[in-house]
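Those sequence lines, one after another, are chains A and B.
One point on numbering: in the working numbering, the residue at position 44 of the first sequence is 44, and numbering is uninterrupted.
Take any residue in the second sequence, note its place counting from 1, add 1000, and you have its number in the working numbering.
Glycine included, each C-beta is placed from N, C-alpha and C at the ideal position.
Read through the structure below, which is laid out as structure tokens, and then see the notes.
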Amino acid sequence: MARDKIYQEEEFPSPLLQLWHNFRQSPVVLVGFSCFAFLIILAIFAPLITPYSSIENHLDKLLLPPAWDKDGDISFLLGTDDLGRDLFSRLMHGTSLTFGLSFVVVIVSLVIGVFIGSLSALSSGIRSSFLNHFLDVILSIPSLLLAIVIVAILGPGLDNTLWAIVMVLIPQFVHVTRNAVKEEFTKDYVLASRLDGASSLRILRYSVFPNIIEKIISYATLAQSAAILDIAALGFLGLGAPIPLPEWGAMLSSGIDLFYIAPWTVYLPGLAILFSVIATNLVGEGMRHALKIGKES
Amino acid sequence: MPALLEVANLSKSYELSRSWFNKRSFCALEPLSFSVQAYKTLAIVGEAGSGKSTLAKVLVGAERPSTGKIKLNGQTLVDGDFKQRCQHIRMIFQDSGTTLNPSLTIRQLLDEPLKLNTDLDEAQRSQLIRETLFKVGLLADHMNFYPHMFSGGQKQRISLARAIILNPQVIILDEALASLDPSLRSQMINLLLDLQQQMGLAFILISHNLGIVRHFSDSMMVLHKGNVVESGPTADILRAPKDKYTRKLIMGQNYHLLHT
């Protein structure tokens, strides 16, 4: 419904607000964004709203098909697995593991990466090079392989895989931040601010960060879809989340033996992974598109 | 009348190769001296690469001079001390589109120099911003606007407001009028001349447009490849240029004037 304006008020959209206006122009992107928001809410509130706990066994309801099947039961909406655990509850709990943890992982590596990257951009010479490149050796190894190496040393477990993914993402954020800050520092308004007597930190806070935040966020969405896939892949290989945890990749691998008798134990977690990756990518794509429109206008 | 700004033996050279042996340097500005008085305008003229922008950057403090001293009211300015310098010498850049931070409102933009260099409280700063915007012909309502909502001429006025808000004594205009169309340019020139009379400013006008220079400046200096080839009162130089290069410059511009 259109908003009625009774008083004539002028709006002064800030650049970020304008980005949001551009962002929501495309319906597809808005749908993706809603799904993304939905997943975040689900990840936070899943333990409160699930009908059953993720490890509760219903021994009389083994391998129950989803409710729309003629053998299904409406109290187990998406059916059960071979141990009689409710798939619907497990998938919801899995949101906080696969999607929620990937979000946390990206935030952690973003904060560390942006911090190191801006330090590197502010310093010069060998120190700057060192800060920029000391984690680069990690970039030479694919993230999955690195995670496997770390898991091989520290032993399998969800937290070890998370550290591995954080380690892989940090150098990428360092580079993105450093380049963006360096680019921003050559601009005239930074010089103007410096001539006002502003310190480098102040310039960074008021002149540089507001102008590169969109770039970093759009990169973070890319990083998140990679993180989701990594967590799920390691879970699938049995190196990530341990057995009873309802991590989507781990659920997928435990269902794979039952594929012929109970296909829903495989395709439902698979669809969940697909859904979250697509939602994340749509948000990122919309963000980059909005940035591009903003630059052109 | 004592000079407001005195520049003695100022030069700037850049090092080209960084190797330890075979150090070569490129001299952007040969040693030069001049002085400017309050209420007066000095024009610096020259073609691209003549060192005029380097001179502006050195004067405003964005670059350190290789040799020489800059004195303001008889007091030597320290290199790298922006706080001391920016209260007295301000600069307006060529393109205000890039010198205004796109994610800050005009109020925040004008607030920054005040916050950093004065002890005024919130209400006083706000009042001063209002007054300054009024001085350059903008409204107080514009405080909440973002730079992208202004036209080029208005942005130039905001740059001007930013330059005069600290009540400086010298303003450097680095091709500040070049990007404006003729009517805006004349508006801007009149505004600048009014402000000069009101505030007792000294302008250093860096330009390649001799029309503006003739209208605006009291004295001029012609730079060619970092050297001063001629300096003196504007009217005299334009009427009877002594140097060959100056003559060439004037003839070139007259030619332009005839054909546009």
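Quick check: the Cα distance between residue i and residue j, rounded to an integer number of angstroms?
i: Ser1183/B; j: Asn1190/B; result: 11 Å
i: Leu234/A; j: Leu158/A; result: 9 Å
i: Arg288/A; j: Thr1067/B; result: 48 Å
i: Asp1095/B; j: Leu1195/B; result: 21 Å
i: Pro1002/B; j: Lys1071/B; result: 12 Å
i: Thr1076/B; j: Ser118/A; result: 35 Å
i: Ser1011/B; j: Gly1046/B; result: 16 Å
i: Phe36/A; j: Ser123/A; result: 37 Å
i: Arg1162/B; j: Pro1113/B; result: 8 Å
i: Phe99/A; j: Val151/A; result: 20 Å
i: Arg1064/B; j: Phe1082/B; result: 12 Å
i: His1259/B; j: Leu282/A; result: Its pLDDT being 48, under 50, His1259/B is placed unreliably by the model, and nothing is read from it.
i: Val149/A; j: Ala241/A; result: 16 Å
i: Ser1244/B; j: Phe1134/B; result: It is Lys, not Ser, that sits at residue 1244/B in the sequence shown. Approximately 45 Å, taken between the alpha carbons.
i: His93/A; j: Asn1101/B; result: 45 Å
i: Leu131/A; j: Thr177/A; result: 12 Å
i: Asn1073/B; j: Leu110/A; result: 50 Å
i: Ala67/A; j: Phe185/A; result: 59 Å
i: Leu63/A; j: Gly79/A; result: 7 Å
i: Leu19/A; j: Leu87/A; result: 39 Å
i: Ala262/A; j: Arg127/A; result: 58 Å
i: Gly1097/B; j: Ile153/A; result: 55 Å
i: Ala1008/B; j: Arg1157/B; result: 32 Å
i: Arg1130/B; j: Gln1154/B; result: 15 Å
Here's a check: name, in chain order, each residue in its chain whose Cβ is nearer than 7 Å to the Cβ of residue i, leaving out the five neighbours to either side.
i: Val106/A; result: Leu169, Ala220, Ala223, Gln224 and Ala227
i: Ile138/A; result: Leu146, Met167, Val168 and Pro171
Could you pull out every residue in the same chain whose Cβ sits closer than 6 Å to the Cβ of residue i, ignoring the five residues on either side in sequence?
i: Leu1042/B; result: Val1036, Ile1204 and Ser1219
i: Ser143/A; result: Val168 and Asp230
i: Ile112/A; result: Ile170
i: Ile1171/B; result: Arg1090, Ala1163, Leu1201 and Phe1203
i: Phe1145/B; result: Ile1106
Which whole-angstrom value describes the C-beta separation of residue i and residue j, a residue pair presumed to lie in contact below a C-beta threshold of 8 Å?
i: Trp248/A; j: Ala279/A; result: Not quite, the Cβ-Cβ distance comes to about 14 Å (not below 8 Å), so this is no contact.
i: Ala43/A; j: Ser96/A; result: 4 Å
i: Leu195/A; j: Ala1062/B; result: 6 Å
i: Leu1059/B; j: Ile1089/B; result: 6 Å
i: His298/A; j: Gly84/A; result: Since the first residue shown for chain A is 1 and the last is 297, residue 298/A is missing from the structure and cannot be characterised.
i: Asp188/A; j: Thr1099/B; result: 4 Å
i: Ser89/A; j: Pro65/A; result: Contact flag wrong, Cβ pair sits at about 16 Å.
i: Leu1004/B; j: Gln1197/B; result: Actually they do not touch by this definition, with Cβ atoms about 15 Å apart.
i: Pro246/A; j: Gly255/A; result: Their Cβ separation, rounded to whole angstroms, is 12 Å, which puts Pro246/A and Gly255/A out of contact at 8 Å.
Taking Cβ positions only, does residue i come closer than 7 Å to chain B?
i: Gly238/A; result: no
i: Phe267/A; result: The question names Phe, but residue 267/A is Tyr in the sequence shown. Chain B contact via Cβ: absent.
i: Ser207/A; result: yes
i: Asp82/A; result: no
i: Gly197/A; result: yes
i: Asp188/A; result: yes
i: Leu191/A; result: yes
i: Asn22/A; result: no
i: Pro210/A; result: yes
Between residue i and chain A, is there a C-beta pair that is closer than 7 Å?
i: Leu1116/B; result: yes
i: Ser1025/B; result: no
i: Ser1103/B; result: yes
i: Ala1062/B; result: yes
i: Leu1177/B; result: no
i: Leu1128/B; result: no
i: Glu1030/B; result: no
i: Thr1132/B; result: no
i: Leu1184/B; result: no
i: Pro1168/B; result: no
By DSSP, does residue i sit in helix, in strand, or in coil?
i: Gly1046/B; result: coil
i: Gln1075/B; result: strand
i: Lys1069/B; result: strand
i: Ala262/A; result: coil
i: Phe1150/B; result: coil
i: Leu1032/B; result: strand
i: Pro1233/B; result: strand
i: Ser253/A; result: helix
i: Ser1025/B; result: strand
i: Lys295/A; result: helix
i: Arg1090/B; result: strand
i: Ile243/A; result: coil
i: Glu1015/B; result: strand
i: Ser123/A; result: coil
Sorry if obvious, but does the Cβ on residue i come closer than 6 Å to a heavy atom of the ligand SAH?
i: Leu39/A; result: Absence of the ligand SAH from the depicted structure is noted, as is the absence of any ligand whatsoever, leaving it without description.
Might you give, ordered along the chain, the residues of its own chain that have their beta carbon closer than 8 Å to the beta carbon of residue i, omitting 5 neighbours on each side?
i: Thr1234/B; result: Ala1043, Val1213, Arg1214, Ser1217, Asp1218, Ser1219 and Met1220
i: Lys215/A; result: Val176, Ala180 and Leu291
i: Ala1028/B; result: Lys1012, Ser1013, Tyr1014, Gly1051, Thr1054 and Gly1226
Check whether chain D comes within 7 Å of residue i, counting only Cβ atoms and requiring the distance to be less than that.
i: Pro15/A; result: Considering every chain present, this structure includes no chain D. Its protein chains are A and B.
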